[in-house]
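From first to last, the protein sequence lines stand for chains B and L. Each residue of the first sequence is one higher than the one before, starting from 1 at the first, in my numbering. Each residue of the second sequence is one higher than the one before, starting from 1001 at the first, in my numbering. Heads up, the beta-carbon is just placed ideally off N, CA and C, and yes, glycines get one too. Heads up, the thing below is written out as structure tokens.
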Amino acid sequence: MRTRVAASLGRATSAASRATKRGDGSVIGARVTLLLAPHALDELAAGWRIATVSGTNGKSTTTAFLTAACTAGGRSVVSNTEGANLRSGVVALLSSRRTRDADLAVLEVDELALPTLLPSFEHPVVVLLNLSRDQLDRFGEVRTVASRWRAALAMNPATVIANADDPLVTWGASAAENVTFVGVGLGWRLDAVSCPACGERIECSDTDWWCSACSLRRPSGHQLSGDELLDPAGKVLTVLRPGVPGRHNLANAALAVVAAMKLGVEPSVAAGATEAVTSIAGRYQTVAIGRSQVRLLLAKNPAGWHELLTMIDGESRPVLLAINARTADGRDPSWLWDVEFERLRGRKVVAAGERAADLAVRLHYAEVDCEVWHGDVIERLRTLDDPLVDVLANYTVFADLTRQLRMSA
Amino acid sequence: MTARDSTIQIALLFPELLGTYGDGGNAVVLTQRLRWRGFDAQLVHVPVVDPVPSTCDVYVLGGGEDAPQTLATERLADHGLAQAVDRGAVVFAVCAGFQILGRTFTGADGEQQPGLGVLDCETRPKGTRQIGELVVQPTALDLPLLTGFENHGGITELGGNAAALGSVLVGAGNGTGGVEGVVTGKVVGTYLHGPALARNPALADLLLSWVVGALEPLEDAVVEGLRAERLSEAFSSRRAGRST
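What follows is the structure, given as structure tokens:
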């Protein structure tokens, strides 16, 4: 009862926020709901089939894949597609009137929020992607996140789908009773060198990893091989051709398809649905700006930058890099030195964003010639003469840019 | 120039363990600043599986998380680094790397651990993390203002045989006595990330001059732009009361 009243007051707040043009208003409404009924999520989530997607990189993409896959499989799905991935965002989604006819909620969940949300869910499907350094001045140590996952999964029954190639994820997931591991690779290894269980060295080969001291090692299970998803016996379940580029998105698609299978969707149906996902909240889309076709790429941390630089290796189109260091980005951009910008040597590069000066120094030492642009990113894009341009931006630059593009569209 | 070899070797120690805050960039900066002046310089990545070589010219250690810090300390006890220090090699250590070089430090588990004892200092936990821009007026070395970003939970107390790198103008630094870092001989410890040597080329060149002698200046306009921006930001946020 308390939750019902609180949820309706929350919705009223949302409506007021919308009426006064302060945005969608659903999250502020949910904050009101939670203030009045702190345990609102327990009641709101009751009766829902829930799937969560969490990890440092690929949350939104994998959530979009899983949503598309389950929809194609005949489920009626709601999802927090706007990326409101904390408790308030989940409460907002589940208390919205729009969700009444759905029977499955696919939730993108912040990696630190996941352990606190799990107790409210009845045997959810939990997808665990990867863990790496991200906004360290906010999140603290990455191993702490894995350790909290571990504690929460030991207490709360769930069907877990986890990346077998990430030692931190494997350790976090292996406390759960029901885990399906999927080997999807790991591009960024620098956070996977010290065993999360015992602190000793992790050894690795191209296809395997193991702790040099304790029993933690790569678990067997499903496997991504090229663009084929194999079951534990090595049989091809389906071929993956996700609608967004890059090896990392093949990995995301593989995990989403296995999660969809746990929710009763045929693998070929699930894989087919990922082909239609061509842009996630503006990422990977190509837009016309000035005289250029501009592809918009988002990277929020070193592992994400590693993925994007791997994706654009060998291409020759000019690149505009843009970095901010606001709270949502992490206020310390020294991670720029973890990224192999040397790969951009010989390309035409523009360094932009509020921390263009940090980026310019990094590129200077990488011997990458660049133009430094301190103004608005979109202004520079409007005056480029190149037919094809890639923009690689971090979180708040990307958000500002896509908002400007929506407004001018 | 060293008598042994004409190649200057910059060792980056355990980048997998002590590389959480981009501090590997310090080794890149040192190597590039030598190469741009015509020196033959080599960046030697020393993975945690290998013994620490005792023959490099400069050793760079970075920041890291608690468990890796403990593991790094055990691996560093294999004498390679101690021999290098005795020989007069230059050591530049940041944050966790700085704490490791002290007599003792305390991990997040609250247990005090012996450090390598290269520096006369002890680190204990503060209870809260110190995160933000850090500006230091050098006192032990003849250098312009030092700028960086700190992110640590330690208080480092200097002993009688250690001189502070400088006085804190913005931020916390060692967290006691209003000072930051430590200098003993050719060993420098600091809480400055950024990486420190990318933001402070004069410090980079000073460390290099301890190996190769006086150096010609380099064209540093790009770096000066960053320094001016960061110093201005740090001083204005201090005025606005956001310096911590």
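Between the alpha carbons of GLY1062 (chain L) and GLY83 (chain B) lies a distance of about 34 angstroms. Shown here for CYS198 (chain B): same chain residues with a beta carbon closer than 8 angstroms to its own, the five before and five after excluded, namely CYS211, ALA213, CYS214, LEU216 in chain order. The Cβ-Cβ distance between ALA271 (chain B) and ALA51 (chain B) does not fall below 9 angstroms. Within chain L, the C-beta atoms nearer than 8 angstroms to that of ARG201 (chain B) come from VAL1048, VAL1049, LEU1071, in chain order. Identification of chain L residues near ARG143 (chain B) by a Cβ-Cβ cut-off of 7 angstroms yields GLU1065, ALA1067, ordered along the chain.
Among the CB atoms of chain L, none fall inside 9 angstroms of the CB of HIS248 (chain B).
Annotation for GLU1229 (chain L): the continuous alpha helix (DSSP H) segment containing it runs 1221-1239. Checking the DSSP bridge columns, you'll see PRO1114 (chain L) partnered with L:THR1104. TRP188 (chain B) sits in coil when the DSSP states are folded into three classes, being neither helix nor strand.
Inter-segment contact for the stretch 164-184 of chain B and the stretch 278-295 of chain B is absent: fewer than three beta-carbon pairs are separated by less than 8 angstroms. Spatial neighbours of SER26 (chain B) in its own chain (CB-CB distance under 6 angstroms, excluding positions within 5 residues in sequence) are listed in chain order as SER14, ALA92. With the criterion set as a beta carbon lying under 8 angstroms from some beta carbon of chain B, the stretch 1079-1094 of chain L has no members that meet it.
Put simply, of B:GLY29, B:ASP386, B:GLU354 the residue whose alpha carbon is nearest the alpha carbon of ASP376 (chain B) is B:GLU354. GLY1097 (chain L) sits away from GLY1185 (chain L), with the two beta carbons spaced by 9 angstroms or more. At a cut-off of 9 angstroms between beta carbons, ARG345 (chain B) makes no contact with chain L.
If you look at ASN178 (chain B), you'll find it in the beta strand (DSSP E) that goes 178-183. Fully enclosed alpha helix (DSSP H) runs of no fewer than 4 residues occupy 136-139, 142-155 of the stretch 122-157 of chain B, in order along the chain.
For the stretch 334-365 of chain B, the set of residues with a beta-carbon nearer than 7 angstroms to any beta-carbon of chain L comprises SER334, TRP335, LEU336, TRP337, ASP338, ALA357, ASP358, ALA360, VAL361, HIS364, TYR365, in chain order. Contact of ARG331 (chain B) with chain L is assigned, a C-beta pair being separated by under 9 angstroms. For VAL377 (chain B), the nearest beta carbon of chain L is not closer than 9 angstroms to its own beta carbon. Here the stretch 1199-1217 of chain L makes contact with the stretch 1132-1149 of chain L; the two share three or more CB pairs at distances below 8 angstroms.
With a cutoff of 9 angstroms on beta-carbon distance, LEU240 (chain B) and THR274 (chain B) are scored as near each other. For a Cβ distance threshold of 8 angstroms, residue set SER334, TRP337 of chain B lies close to PRO1195 (chain L), ordered along the chain. Shown here for ASP313 (chain B): same chain residues with a beta carbon closer than 7 angstroms to its own, the five before and five after excluded, namely ARG343 in chain order. The C-alpha of GLU1224 (chain L) is placed about 22 angstroms away from the C-alpha of TYR1021 (chain L). When Cβ pairs closer than 8 angstroms are counted between the two stretches, the stretch 1020-1036 of chain L is seen not to touch the stretch 384-394 of chain B, the count staying below three. DSSP, read as helix, strand or coil, puts HIS1045 (chain L) in strand.
Put simply, the CB of VAL372 (chain B) is near chain L, with a gap under 9 angstroms to one of its CB atoms. Non-local beta-carbon contacts of ALA1162 (chain L) in its own chain, meaning distances under 7 angstroms to residues more than five positions away in sequence, involve LEU1119, ASP1120, CYS1121, VAL1182, THR1184 in chain order.
In the assembly as shown, MET155 (chain B) is an exposed residue. Its beta-carbon has fewer than 16 other beta-carbons within 10 Å. Under DSSP, GLY1148 (chain L) takes part in a beta bridge, and its partners are L:LEU1134. By alpha-carbon distance to LEU1043 (chain L), the top candidate from L:ASP1050, L:VAL1049, L:ARG1035 is L:ARG1035. The C-beta of THR1176 (chain L) has fewer than 16 other C-beta atoms within 10 Å across all chains shown, which makes the residue exposed. In this structure, B:PRO333 is the residue among B:PRO333, B:ALA192, B:HIS374 with its C-alpha nearest to the C-alpha of ASN1151 (chain L).
Using a C-beta cut-off of 8 angstroms, the stretch 1065-1079 of chain L makes no contact with the stretch 1124-1136 of chain L, since fewer than three inter-stretch Cβ pairs fall below that distance. At least 9 angstroms separates the beta-carbon of TRP337 (chain B) from that of VAL1091 (chain L).
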